[in-house]
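Going down the list, the protein sequences come from chains A and B. Residues in the first sequence are numbered from 1295 upward in steps of one, following our numbering. Residues in the second sequence are numbered from 44 upward in steps of one, following our numbering. All residues carry an ideal CB built from backbone N, CA and C; glycine is no exception.
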Amino acid sequence: MQLYRVPVQIIPRPGILDPQGAAVAGALRSLGFNTIADIRVGRFITVDVNAASAADATSAVRSMCEKLLANPVIEDFVLEEPTLQQGGQS
Amino acid sequence: MKFGVVTFPGSNGDYDACHAAADAIGQECVYLWHKDHDLKGCDVIVLPGGFSYGDYLRPGAIARFSPIMNEVVAHAKRGAPVLAICNGFQVACEAGLLPGALLRNASLRFVSRLVTMRVENDSSMFTHEYYKGQILSVPVAHGDGRYTADPDVVARLEGEGRVAFRYSSTGGDISDEDNINGSVNGIAGIINAAGNVLGMMPHPERAVDPVIGSTDGLGVFHSLLDGVPA
């Protein structure tokens, strides 16, 4: 077993009103960032997980997203590539 | 009739719910600890308001995996009543007892005040003591009350008369102005397909005594107590 870090992005689904994103976009526009088309604010989670392989680590974190970390009614999730960490169980 | 109010870490509406059940309508009421597996023979389960688990991740997301929720879900699947108020509504949606989800208020502001809402369903086990179109004055206190669901789910709720309450003006009009949190169609409360789970953001248990400004929430408790007329 090795320790992998799997970063997860959780973002509001398309079509879901994101007032936080709209407020942040408004603030940036008022600072002169006039090129902003849209901003969505989500959540970023890193999960350190013991797994036999990177694929197993991804699979485990996908299950965690489906069960708890994301709510499919309102959120999509994106798993980033796992990176090997120091200190895994052998 | 025996009421059981679930206490999660962070619940704050549990005492109010028991006050309504025990003092306002004179029924037995017990607290059910979230780590227990025993509903203690209760007829009605209340999922109360509050900030269970600090609203971490999403409101209700962690509470929904509390040990007692297995029994609450089984209770609901048997057709027995579950009254899910505010944070309880969020927990019930996360647990799949009700469709949809509650998102951050469109205003991004926490809203804590008396609001008016219109009765949309006057035939359920929770609402039959009201009449359709009745205007109720009931307090809300939430930051994440914007009801959202897929358009086909909303169409089913509307088509099947499962929208229980809708935010309205004191005259009963529905407008964006009175939609305190930006909920789709101004939805304040919904009922599941089987008719035995009510989820609502406003607090009927905090409107059972004239001394606190309204008794309009009593109808929910009297409806449960009296049963649906044959």
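Please name the residue in the options whose C-alpha comes closest to that of residue i.
i: B/P247; options: B/D57, B/P52, B/F51, B/G53; result: B/D57
i: A/R1337; options: B/P91, B/Y99, B/Y74, B/D79; result: B/Y99
i: B/L241; options: B/I178, B/T170, B/N222, B/H265; result: B/T170
i: B/V128; options: B/V254, B/A250, B/Y173, B/G256; result: A quick correction: the sequence has Ile, not Val, at residue 128 of chain B. When only C-alpha atoms are compared, the closest one is B/A250.
i: A/P1308; options: A/R1299, A/V1300, A/D1332, A/F1327; result: A/D1332
i: B/N224; options: A/M1295, A/D1312, A/F1371; result: A/D1312
i: A/T1340; options: A/I1330, A/A1319, A/M1358; result: A/M1358
i: A/Q1296; options: A/G1320, A/I1330, A/I1310, A/D1342; result: A/D1342
i: B/P26; options: B/G53, B/A67, B/F51; result: Lying before the first or after the last residue shown, residue 26 of chain B is absent from chain B, which here runs from 44 to 273.
Closer than 6 Å by C-beta to residue i: which residues in its own chain qualify, once you throw out the five before and the five after it? Chain order, please.
i: B/A144; result: C136, T191
i: B/T159; result: I178, S180, S211, T213
i: B/V125; result: I88, A119, V240
i: B/G229; result: R209, Y210, I217, N222
i: B/C72; result: F46, C61, A64, A65
i: B/D205; result: The sequence given here has Arg at residue 205 of chain B, not Asp. I233, I234.
i: A/Q1314; result: V1335
Using DSSP with H/G/I as helix, E/B as strand and the rest coil, what is residue i?
i: A/I1333; result: coil
i: A/T1393; result: Look at the range of chain A in this structure, 1295 to 1384, and you will see that residue 1393 of chain A is not part of it.
i: B/D221; result: helix
i: A/L1362; result: helix
i: B/R205; result: coil
i: B/C136; result: helix
i: B/Y174; result: coil
i: B/P142; result: coil
i: B/H185; result: strand
i: B/I255; result: helix
i: A/D1342; result: strand
i: B/C85; result: coil
i: B/A63; result: helix
i: B/E248; result: helix
i: A/A1317; result: helix
i: A/G1381; result: coil
i: A/P1376; result: coil
i: B/F264; result: helix
i: A/R1307; result: coil
i: A/P1301; result: strand
Quick one: what's got a C-beta closer than 8 Å to residue i's C-beta in the same chain, skipping five residues either side?
i: B/E203; result: A236
i: B/P110; result: H77, K78, D79, H80
i: B/A138; result: G103, R107, M112, V115, V116
i: A/I1330; result: A1319, L1322, R1323
Can you confirm whether residue i, when its beta carbon is compared against all beta carbons of chain D, has any partner nearer than 8 Å?
i: A/A1317; result: Among the protein chains of the structure shown, namely A and B, there is no chain D.
Quick one: is residue i buried, meaning 16 or more other Cβ sit within 10 Å of its Cβ, or exposed?
i: B/P194; result: exposed
i: B/A106; result: buried
i: B/H80; result: exposed
i: A/A1364; result: buried
i: B/R147; result: buried
i: B/A207; result: buried
i: B/Y96; result: buried
i: A/P1306; result: buried
i: B/D269; result: exposed
i: B/I255; result: exposed
i: B/I63; result: As written in the sequence, residue 63 of chain B is Ala, which differs from the Ile given in the question. Buried, since its Cβ has 16 or more Cβ neighbours within 10 Å.
i: B/Y173; result: buried
Which residues in the same chain as residue i place their Cβ atom closer than 7 Å to its Cβ, once the five residues preceding and following it in sequence are excluded?
i: A/R1356; result: L1373
i: B/G122; result: A237, N239
i: B/G186; result: R147, N148, F153
List, from N- to C-terminal side, the alpha helix (DSSP H) runs of 4 residues or more that fit wholly inside the region 97-135 of chain B.
110-120
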